[in-house]
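**Student:** This is the structure I have questions about; it appears just below.
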Amino acid sequence: MFNLEFERWQDTEFGYRLRKLGVIRFFDFRAWVLHYKQEFSDKEKIIKHFYKEGKYAAKLLKYHPLFSVKLRTGFFPFFPLWKILYKHQLNSSKGAYIKGFLDEYFSKVK
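Numbering (our numbering), first residue to last: 56 to 165.
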């Protein structure tokens, strides 16, 4: 079911594969959805968390190079500026997300 190569974005990746197969989605706004959100007290853990978020967002985009994935992951047409921006924000969650994204996106495909 879920692609085990993903530690993050598994549900989104699964949804894109289902859509590709022609599965129709139905929404029931009465349905309950619970997401476990881990609390972080250590800044280093926060940085690692967002780095992985960015890394797997890029992996999702590699698997499904669609405009909707670009929007969902924050990959916008002006992304080359990220190389400049993240150098100044490495100690922030946003900088870690961007660095993880860029590291994965520009890595060689296995």
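We put the beta carbon where it would ideally sit given N, CA and C, even for glycine.
When we look at the beta-carbon of residue 161 and count the other beta-carbons within 10 Å, is it buried (16 or more) or exposed?
**Tutor:** exposed
**Student:** Is it right to say residue 77 is buried, meaning 16 or more other beta carbons lie within 10 angstroms of its own, or is it exposed?
**Tutor:** exposed
**Student:** Expressed to the nearest angstrom, what Euclidean distance is found between the alpha-carbon atoms of residue 91 and residue 63?
**Tutor:** 13 Å
**Student:** Please report how far the alpha carbon of residue 107 lies from the alpha carbon of residue 152, in whole angstroms.
**Tutor:** 7 Å
**Student:** In its own chain, which residues sit with a C-beta less than 7 Å from the C-beta of residue 128, not counting the 5 before and 5 after it?
**Tutor:** Contacts found: 112, 115 and 116.
**Student:** Taking all protein chains shown into account, decide if residue 102 is buried (16 or more other Cβ within 10 angstroms of its Cβ) or exposed.
**Tutor:** buried
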